[in-house]
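Please read the structure below before turning to the comments.
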Amino acid sequence: MLVKLHIGNNQVEDTGAYDIASVLRVNTTLTELDLQNNKIGDQGALHLAVALIHNEGLQSLYLQQNAVGVVGGQHLVDSLRSNTVGSSDFTYVIYGFVVTTQTLTTLDVRCNPIGVELRTCIDEFIARNAGKPKKKLRT
14 MLVKLHIGNN
24 QVEDTGAYDI
34 ASVLRVNTTL
44 TELDLQNNKI
54 GDQGALHLAV
64 ALIHNEGLQS
74 LYLQQNAVGV
84 VGGQHLVDSL
94 RSNTVGSSDF
104 TYVIYGFVVT
114 TQTLTTLDVR
124 CNPIGVELRT
134 CIDEFIARNA
144 GKPKKKLRT
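In my numbering, the protein residues as written are 14 to 152.
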């Protein structure tokens, strides 16, 4: 049973993200997906975001050093608002929305051009929750 998939540095790009998202939609065993440094942009983030809405097992998603911009970042935030199965609790405010996810506990979007406003909102969340049990949202 595959529970961790690390395919960073493989030039996955948006097309590959689409293929990965197709599998992620129906996969129930994968808990960690590392897609760092794969040239994934906003379109790839959209594919992954749609898959996250339906996924019930993924706990960690690493997207650092890609090309996810403001639009792709917003797609990911929207998917987190819909992904509410599982036992963990991860709540934060981005762009005025209260976002809750109970499965995804780690989202790493460092080194992506997600924009100052989105990055600031994420940073404020981290600062407010500094003393609480750790959930990782890296910008």
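Where is the CB? At the ideal position from N, CA and C, for every residue including glycine.
So, using beta-carbon positions, are residue i and residue j closer together than 7 Å?
i          : j          : result
residue 64 : residue 38 : yes
residue 51 : residue 23 : yes
residue 58 : residue 19 : no
residue 54 : residue 27 : yes
Between the C-alpha atoms of residue i and residue j, what's the straight-line distance to the nearest angstrom?
i           : j           : result
residue 32  : residue 74  : 16 Å
residue 21  : residue 132 : 23 Å
residue 56  : residue 66  : 16 Å
residue 14  : residue 46  : 14 Å
residue 81  : residue 29  : 14 Å
residue 79  : residue 120 : 13 Å
residue 85  : residue 72  : 19 Å
residue 43  : residue 128 : 29 Å
residue 16  : residue 91  : 25 Å
residue 25  : residue 34  : 12 Å
residue 109 : residue 130 : At residue 109 the pLDDT is 41, less than 50, meaning the model places this residue with poor confidence; the figure from the coordinates comes in the next sentence. Each residue's alpha carbon lies about 11 Å from the other.
residue 36  : residue 60  : 11 Å
Measure the beta-carbon distance from residue i to residue j and round it to whole angstroms, keeping in mind my assumption that it falls under 8 Å.
i           : j          : result
residue 125 : residue 48 : Residue 125 to residue 48, Cβ: 11 Å. No contact.
Indicate, with yes or no, if the ligand ZN has a heavy atom lying under 6 Å from the CB of residue i.
i          : result
residue 56 : Although the ligand ZN was asked about, the structure shown includes no ligands whatsoever.
- 4-residue-minimum alpha helix (DSSP H) runs that sit fully inside the region 45-98, ordered along the chain: Runs of the alpha helix (DSSP H) inside the region 45-98: 55-67 and 83-95.
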